[in-house]
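What follows is a single structure, written as structure tokens, with notes after it.
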Amino acid sequence: MGDNLKKVQSGDKLRMPAAAYNAFIDTARDFQARQRGISSTPQAATRSSGIVLVRNDSSEDLTRYSVLGVDKPIIGPKDKLDSFKNCVAVVGVKPTKDDHVGKFVVLLEPLKRKAIGMAYGAGMCPVKIDVPDEKIEYPYADIADGKTANLKAKHYGAATILWREGGTGVQWALVRLGSPMKAQVFPVKLKQVYGEQGDEKKPATWTYDVSDAITDDTLAEGVNPTSSPHQWKRPSVGYMIKATFGYASYDKDDKLVLGWINEQVEQASCEDAGGTYY
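Counting in the numbering used here, the sequence shown runs without a single skipped number right up to 476 at its last residue.
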């Protein structure tokens with residue numbers, strides 16, 4: 199069987215077998231589809247839902263493993279349904295905390311502004327993350343507001359941190375992209391460190407060190423449970439018994455929020471006219 203793709207020398211007559219001609223046509227069509235970012239049939243590189251096409255609509259050329267927020271499909275179902283169904287292709291923009299928490303991709307290749315390329319939409323990938331505090335073992339990461347260079351380590355997010363270099367600041371990590379981990383209520387232990395008990399004329403002013411009730415990891419120190427963003431409400435006056443336990447969550451800015459603590463008013467029994475104590 200002859201070689202349908204055999205090269206020719208200068209001066210040779212050009213005889214192109216049908217198989218070679220068809221191969222050239224297929225290659226040209228594939229190139230054009232990649233340039234447009236759409237195709238009438240799924241491309242091999244985008245058959246996995248973990249790898250998608252993204253158009254860089256940020257204001258800058260980006261390096262590999264940069265982060266883009268997902269804005270919208272390049273072609274929606276009302277524009278061309280077949281293209282929408284056959285090839286996942288999205289518009290990527292600079293991520294913001296108001297619009298893109300849990301909605302981002304990580305570039306698989308360098309991408310110039312307005313160009314289309316491949317990105318991780320799900321699954322395991324390398325990416326840089328910003329770790330604010332070395333004392334805290336952050337389990338997740340999500341977008342850093344206004345930044346394409348890295349994610350930010352958080353207590354909840356759409357990327358599970360599998361490994362990171364260590365220390366604080368921007369560093370390489372391995373993450374698994376998936377569904378966003380939403381804020382959850384979890385038990386905490388409280389250790390009173392400052393403040394006063396309160397009496398019949400003034401409220402208590404207890405503050406606490408807060409730790410995870412399961413792992414004993416320190417979450418915050420010197421917390422006033424009645425100050426923003428915490429939700430605990432004390433009586434305006436009265437003797438208070440300090441808390442030892444409570445429930446907390448993290449807000450959208452990744453700040454610890456105490457919701458309920460077992461602080462309570464200290465009560466004493468009183469004697470009525472019949473000699474009975476209450």
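Don't be surprised by glycine CBs; every beta carbon is placed ideally from N, CA and C.
Check: Select from 220, 288, 371, 278 the residue whose C-alpha is nearest the C-alpha of residue 323.; Outcome: 371
Check: Any idea if residue 461 is buried or exposed, counting beta-carbon neighbours within 10 angstroms, 16 or more meaning buried?; Outcome: buried
Check: Return the chain-ordered list of same chain residues with a C-beta closer than 7 angstroms to the C-beta of residue 395, the five sequence neighbours on each side being excluded.; Outcome: 402, 437, 438
Check: Only counting the same chain, and skipping five residues up and downstream in sequence, which positions put a Cβ closer than 7 angstroms to that of residue 452?; Outcome: 352, 353
Check: Leaving aside the five residues before and after residue 348 along the sequence, list all residues of the same chain whose C-beta is less than 8 angstroms from its C-beta, in chain order.; Outcome: 265, 325, 326, 327, 328, 342, 368
Check: What are the start and end residues of the alpha helix (DSSP H) that includes residue 281?; Outcome: 279–284
Check: What is the rounded straight-line gap between the Cα of residue 245 and the Cα of residue 335?; Outcome: With a pLDDT of 49 at residue 245, under the threshold of 50, the modelled position of that residue is not reliable, and the figure given next carries that caveat. Spanning the two alpha carbons is a distance of roughly 35 angstroms.
Check: List the endpoints of the continuous beta strand (DSSP E) containing residue 339.; Outcome: 338–341
Check: Using the rule of at least 16 other Cβ atoms within 10 Å of the residue's Cβ for burial, across every protein chain shown, is residue 268 buried or exposed?; Outcome: buried
Check: Mind checking whether residue 434 and residue 383 have CB atoms under 8 angstroms apart?; Outcome: no
Check: Who are the near neighbours of residue 465 in its chain, counting only those whose CB is closer than 7 angstroms to its CB and skipping five residues on each side?; Outcome: none
Check: Let me check understanding here. Comparing Cα to Cα, which of 310, 220, 320, 312 lies closest to residue 303?; Outcome: 320
Check: Let me make sure I understand the geometry here. Which of 216, 307, 386 has the alpha-carbon closest to that of residue 455?; Outcome: 386
Check: Taking the beta strand (DSSP E) that residue 448 falls in, what are its first and last residues?; Outcome: 443–448
Check: Distance check for residue 252 and residue 236, CA to CA, integer angstroms please.; Outcome: Low per-residue confidence applies at residue 236: pLDDT is 46, beneath 50, and the placement is therefore not dependable, though the value from the model is reported in the following sentence. Those two C-alpha atoms are separated by around 11 angstroms.
Check: For the segment 310–341, which segments carrying the beta strand (DSSP E) assignment without a break, of at least 3 residues, lie completely within its bounds, in sequence order?; Outcome: 314–318, 321–329, 338–341
Check: Is it right to say residue 463 is buried, meaning 16 or more other beta carbons lie within 10 angstroms of its own, or is it exposed?; Outcome: exposed
Check: List, from N- to C-terminal side, the beta strand (DSSP E) runs of 3 residues or more that fit wholly inside the segment 350–394.; Outcome: 357–362, 367–375, 384–392
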